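>
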DNA sequence: GCAACTTTGTGCACACGTTCACAAGCGTCT
DNA sequence: AGACGCTTGTGAACGTGTGCACAAAGTTGC
Ligand SMILES: NC(=O)c1ccc[n+]([C@@H]2O[C@H](COP(=O)([O-])OP(=O)(O)OC[C@H]3O[C@@H](n4cnc5c(N)ncnc54)[C@H](O)[C@@H]3O)[C@@H](O)[C@H]2O)c1
Ligand SMILES: NC(=O)c1ccc[n+]([C@@H]2O[C@H](COP(=O)([O-])OP(=O)(O)OC[C@H]3O[C@@H](n4cnc5c(N)ncnc54)[C@H](O)[C@@H]3O)[C@@H](O)[C@H]2O)c1
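Chains as they are written, first to last, in full-length UniProt numbering: chain A, 1 to 224; chain B, 1 to 224.
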């Protein structure tokens with residue numbers, strides 16, 4: 001299954017959930033594509049990787065398709081997650097309800113700062129980073145979330161990997177190396193803003209160019 | 001300039017900043033690529049879109065290249081940002097120091113909840129969503145960050161656009177439509193976790209398959 | 001049972017992005 | 001000055017992803 005397709009399945013799943021909540025039983029690729037904000041041909045091709053779950057002339061059965069995608073992504077089981085670094089961002093993540101509802105259970109919170117230990121966040125006690133291996137082992141944790149400062153990110157990832165975690169989501173703005181077999185994804189908010197700024201600047205540049213052109217036209221109109 | 005290249009420039013910028021802090025004056029594409037975690041050919045092609053800023057046989061001058069990328073992205077000016085939705089995530093974002101240091105200034109915080117109004121977060125008073133147009137106008141805000149619940153995201157984006165914002169970063173798990181000319185990027189943590197889960201499941205599946213194969217071999221060895 | 005209509009699943013062409021491989025260019029050393 | 005070694009910048013091949021367009025397959029109505 002193409003990586004691009006995998007990245008869109010959660011999108012379809014969310015759209016299907018919304019439709020299910022609205023009591024919709026059947027949906028066409030056109031409608032579902034609109035709900036998910038993609039092209040309908042792309043949607044159909046994506047779904048075709050799961051199998052032929054549609055009915056020609058009708059569309060897709062919402063609940064059935066939802067279940068198929070859920071199974072494909074692996075959300076029939078729930079996944080235990082550890083968050084490392086319980087600062088600003090770690091707190092927000094720990095308190096966020098949107099994970100549990102999608103099959104991810106925050107199972108442990110870990111920080112290196114002794115003053116944070118024992119603090120209760122979202123019903124969990126913050127535990128020390130030294131216990132990481134123990135925690136991962138005991139709770140069967142497969143996914144780690146890194147919300148420490150950038151300088152600690154590589155060390156924390158190394159420890160997570162050593163403890164047996166094979167999937168990591170990194171929020172720290174740092175390049176982290178992980179061994180083969182470990183999946184690392186990163187979320188970088190500053191990068192997102194910078195991409196927006198680049199396009200914003202070009203928009204303004206275009207606007208200025210237009211103004212210059214208009215000025216030239218104006219000058220021509222006046223002088224000519 | 002290809003979109004994929006634009007998305008990597010911030011990465012290079014960060015790597016260059018780290019090198020500059022370490023006092024490195026010159027860097028080869030190979031070294032810089034390693035620092036940024038990409039292929040060196042890709043790095044060179046990316047940089048070639050900016051111009052021929054390297055010296056053959058030597059490499060790139062760190063400070064000079066840093067300045068060129070900064071200018072290309074549009075980080076020579078600083079950008080005023082408004083955050084809409086000052087809940088869990090909004091607080092974390094408002095308190096995050098990493099934006100200011102990259103040329104983004106959190107200029108205003110907005111929420112719809114009357115009980116939050118006037119609350120001081122990160123040195124700013126939370127203002128009411130009704131003032132949005134005024135705020136955007138007065139402070140020259142071009143970039144909006146949406147951290148409201150999903151159901152409010154479309155409305156908030158509409159209002160941001162109406163107020164004149166042309167770049168939006170959306171954290172709410174919702175499909176949002178914006179008119180042409182407005183850039184919308186989204187950050188979806190649940191999607192990221194789901195992608196990790198998909199690969200995690202396949203790893204386990206592969207492990208199980210291996211075990212089954214090993215079991216078959218074992219059975220053969222015992223029986224044969 | 002058949003014709004008309006709807007919608008899926010997919011072959012194909014095209015666009016985009018990545019990587020290889022190497023000529024061109026720069027600095028250094030003799 | 002000229003040979004040598006190193007690194008950039010880029011043409012070309014390759015791979016991945018997208019979107020059109022349509023045959024295949026189902027449903028509905030008569
Ligand atoms: N706050 C945000 O909105 C935001 C936005 C974008 C990126 N980030 C990034 O996310 C990361 C966390 O941001 P934050 O604002 O929460 O920072 P923070 O300083 O508030 O929290 C970091 C936490 O990590 C802990 N920590 C440090 N070293 C550790 C280690 N080795 N092991 C375990 N815990 C350790 C610290 O004790 C602290 O509690 C940073 O890398 C930041 O750049 C944050
Ligand atoms: N907290 C997290 O770590 C996290 C992680 C991933 C995604 N998200 C998403 O980010 C968004 C915010 O999450 P949160 O945990 O901060 O939620 P929250 O409920 O804590 O905060 C939402 C805030 O938005 C405000 N709001 C609601 N409607 C508004 C409107 N129309 N205009 C202005 N403000 C309005 C609310 O008053 C509240 O203060 C949600 O969509 C959530 O799904 C959050």
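The beta-carbon is built from N, C-alpha and C at its ideal position, and this holds for glycine as well. From a predicted model like this one, the values you see are computed outputs, not experimental measurements.
Please specify which runs of the beta strand (DSSP E), each continuous and at least 3 residues long, are wholly inside the UniProt domain "CoA-binding" (74–175) of chain B, giving them in chain order.
79–84, 104–111, 124–128, 143–146, 167–170
> DSSP three-state call for residue 31 (chain A): helix, strand or coil?
Here residue 31 (chain A) refers to the residue found at position 31 of the first chain. In the structure shown, residue 31 (chain A) adopts helical secondary structure according to DSSP, grouped into three states.
> For residue 201 (chain B) versus residue 74 (chain A), is the C-beta spacing smaller than 9 Å?
For the purposes of this step, residue 201 (chain B) is taken as the residue at position 201 of the second chain. For the purposes of this step, residue 74 (chain A) is taken as the residue at position 74 of the first chain. In this structure, residue 74 (chain A) lies closer than 9 Å to residue 201 (chain B) by Cβ.
> Please go through the same chain and pick out, in chain order, the residues whose beta-carbon is closer than 8 Å to the beta-carbon of residue 182 (chain B), but skip the five residues on each side of it.
The residue labelled residue 182 (chain B) in the question sits at position 182 within the second chain. 161, 165, 166, 167, 168.
> To the nearest angstrom, how far is it from the Cα of residue 91 (chain B) to the Cα of residue 11 (chain A)?
Counting from 1 along the second chain, the entry for residue 91 (chain B) is found at position 91. Counting from 1 along the first chain, the entry for residue 11 (chain A) is found at position 11. About 26 Å.
> In whole angstroms, give me the CA-to-CA distance for residue 197 (chain B) and residue 175 (chain A).
Within the second chain, residue 197 (chain B) is the residue found at index 197, counting from 1. Within the first chain, residue 175 (chain A) is the residue found at index 175, counting from 1. If you take the alpha carbons of residue 197 (chain B) and residue 175 (chain A), they lie about 22 Å apart.
> If you draw a straight line from the alpha carbon of residue 187 (chain B) to that of residue 150 (chain B), how long is it in whole angstroms?
Taking the second chain and counting its residues from 1, one reaches residue 187 (chain B) at position 187. Taking the second chain and counting its residues from 1, one reaches residue 150 (chain B) at position 150. Roughly 12 Å between the two C-alpha positions.
> Would you mind working out which of B:128, B:105, B:115, B:114 sits nearest residue 122 (chain B), comparing C-alpha positions?
For the purposes of this step, residue 122 (chain B) is taken as residue 122 along the second chain, with counting starting at 1. It is B:105 whose Cα lies nearest to the Cα of residue 122 (chain B).
> Run through chain A and tell me which residues come within less than 8 Å of residue 192 (chain B), C-beta to C-beta.
Here the question's residue 192 (chain B) lines up with position 192 in the second chain. Simply 169, 185, 187.
> For residue 44 (chain A), which residues from the same chain have a beta carbon less than 7 Å from its beta carbon, with the 5 sequence-adjacent residues on both sides left out?
For this step, residue 44 (chain A) is matched to residue 44 along the first chain. Counting only Cβ-Cβ distances below 7 Å, and skipping sequence neighbours, we find 29.
> Given a cut-off of 9 Å on the beta-carbon distance, is the pair residue 70 (chain A) and residue 139 (chain A) in contact?
If you number the first chain from 1, residue 70 (chain A) lands on position 70. If you number the first chain from 1, residue 139 (chain A) lands on position 139. Cβ atoms of residue 70 (chain A) and residue 139 (chain A): not closer than 9 Å.
> If residue 15 (chain B) and residue 36 (chain B) are in contact, beta carbons under 8 Å, what's the gap, nearest whole angstrom?
As a working note, residue 15 (chain B) is residue 15 in the second chain. As a working note, residue 36 (chain B) is residue 36 in the second chain. The Cβ separation is near 4 Å, so the contact holds.
> So the candidates are B:27, B:19, B:88; which of them puts its Cα closest to the Cα of residue 57 (chain B)?
One-based indexing of the second chain puts residue 57 (chain B) at position 57. When only C-alpha atoms are compared, the closest one is B:27.
> For residue 155 (chain A), is the classification buried or exposed, using 16 other Cβ atoms within 10 angstroms of its Cβ as the cut-off for buried?
In the first chain, residue 155 (chain A) corresponds to position 155, counting from 1. Per the 10 Å Cβ criterion, exposed.
> Does the segment 41–55 of chain B come within contact of the segment 95–112 of chain B, defined as at least 3 CB pairs closer than 8 Å?
no
> If you measure from the beta carbon of residue 86 (chain B) to each beta carbon in chain A, is any gap under 9 Å?
Against the second chain, residue 86 (chain B) aligns to sequence position 86. No - not a single Cβ of chain A is within 9 Å of the one on residue 86 (chain B).
> With a Cβ-Cβ cutoff of 9 Å, do residue 94 (chain B) and residue 124 (chain B) count as a contact?
For this step, residue 94 (chain B) is matched to residue 94 along the second chain. For this step, residue 124 (chain B) is matched to residue 124 along the second chain. Yes.
> DSSP on residue 205 (chain A), reduced to helix/strand/coil?
The sequence position of residue 205 (chain A) within the first chain is 205, counting from 1. Residue 205 (chain A) falls in the helix class under three-state DSSP.
> Output the boundary residues of the alpha helix (DSSP H) element that contains residue 46 (chain B).
In the second chain, the residue the question calls residue 46 (chain B) occupies position 46. Per DSSP, residue 46 (chain B) belongs to the alpha helix (DSSP H) from 40–48.
> Indicate the three-state DSSP secondary structure (helix, strand or coil) for residue 222 (chain A) in the structure shown.
Within the first chain, the letter at position 222 stands for residue 222 (chain A). Here the model assigns residue 222 (chain A) a pLDDT of 49, short of 50, so the residue's position is not dependable, and the following value carries that caveat. Helix.
> Less than 9 Å between the beta carbons of residue 49 (chain A) and residue 32 (chain A), yes or no?
In the first chain, residue 49 (chain A) corresponds to position 49, counting from 1. In the first chain, residue 32 (chain A) corresponds to position 32, counting from 1. For residue 49 (chain A) and residue 32 (chain A), no; Cβs fall outside 9 Å.
> Can you give me the C-alpha to C-alpha distance between residue 18 (chain B) and residue 97 (chain B), rounded to a whole angstrom?
For the purposes of this step, residue 18 (chain B) is taken as residue 18 along the second chain, with counting starting at 1. For the purposes of this step, residue 97 (chain B) is taken as residue 97 along the second chain, with counting starting at 1. Between residue 18 (chain B) and residue 97 (chain B), the C-alpha separation is close to 17 Å.
> Any heavy atom of ligand 2 within a distance shorter than 8 Å of the CB on residue 227 (chain B)?
Outside the shown range of chain B, which is 1 to 224, sits residue 227 (chain B), and nothing can be said about it.
> Do residue 189 (chain B) and residue 99 (chain A) have their CB atoms nearer than 9 Å?
Stepping through the second chain from its first residue, residue 189 (chain B) is reached at position 189. Stepping through the first chain from its first residue, residue 99 (chain A) is reached at position 99. Closer than 9 Å, so yes.
> Report yes or no: is there a C-beta of chain B within less than 9 Å of the C-beta of residue 173 (chain A)?
For this step, residue 173 (chain A) is matched to residue 173 along the first chain. Chain B contact via Cβ: present.
> Hey, would you say the C-beta of residue 53 (chain A) is under 8 Å away from at least one heavy atom of ligand 1?
The residue given as residue 53 (chain A) occupies position 53 in the first chain. Residue 53 (chain A): no, Cβ never under 8 Å from ligand 1.
> Quick check on DSSP: helix, strand or coil for residue 211 (chain B)?
As a first step, residue 211 (chain B) must be located in the second chain, where it is residue number 211. Here residue 211 (chain B) scores only 49 on pLDDT, less than 50, and its place in the model is too uncertain to base an answer on.
> Under a CB-based cut-off of 9 Å, is residue 202 (chain A) close to chain B?
The residue given as residue 202 (chain A) occupies position 202 in the first chain. By this cut-off, residue 202 (chain A) is an interface position.
> At the level of alpha carbons, what is the spacing between residue 53 (chain B) and residue 185 (chain A)?
Here residue 53 (chain B) is taken as the residue at index 53 of the second chain, counted from 1. Here residue 185 (chain A) is taken as the residue at index 185 of the first chain, counted from 1. The straight-line gap from Cα to Cα measures roughly 31 Å.
> Tell me, which residues are paired with residue 184 (chain A) by DSSP?
Position 184 of the first chain, counted from the start, is the residue given in the question as residue 184 (chain A). DSSP, once it has assigned bridges, lists A:168 as partnering residue 184 (chain A).
> Closest to residue 179 (chain B) by CA distance: which of B:203, B:81, B:159 is it?
Counting from 1 along the second chain, the entry for residue 179 (chain B) is found at position 179. Out of B:203, B:81, B:159, B:159 has the C-alpha closest to the C-alpha of residue 179 (chain B).
> I'd like to know if residue 210 (chain A) contacts chain B, where contact means its C-beta is closer than 9 Å to some C-beta of that chain.
Your numbering for residue 210 (chain A) matches position 210 in the first chain. Any reading at residue 210 (chain A) needs caution, since the residue's pLDDT is 48, under 50, leaving its predicted position unreliable; the model's value is listed next. Not one chain B Cβ lies under 9 Å of residue 210 (chain A).
> List the DSSP bridge partners of residue 26 (chain B).
Reading the second chain from its first residue, position 26 is the one you call residue 26 (chain B). Paired residue(s): B:61.
> What's the gap between the Cα of residue 128 (chain B) and the Cα of residue 87 (chain B)?
In the second chain, residue 128 (chain B) corresponds to position 128, counting from 1. In the second chain, residue 87 (chain B) corresponds to position 87, counting from 1. The straight-line gap from Cα to Cα measures roughly 14 Å.
> Classify residue 4 (chain B) as buried or exposed, calling it buried when 16 or more other Cβ atoms lie within 10 Å of its own Cβ.
In the second chain, counting from the first residue as 1, residue 4 (chain B) sits at position 4. Exposed: under 16 other Cβ atoms inside 10 Å.
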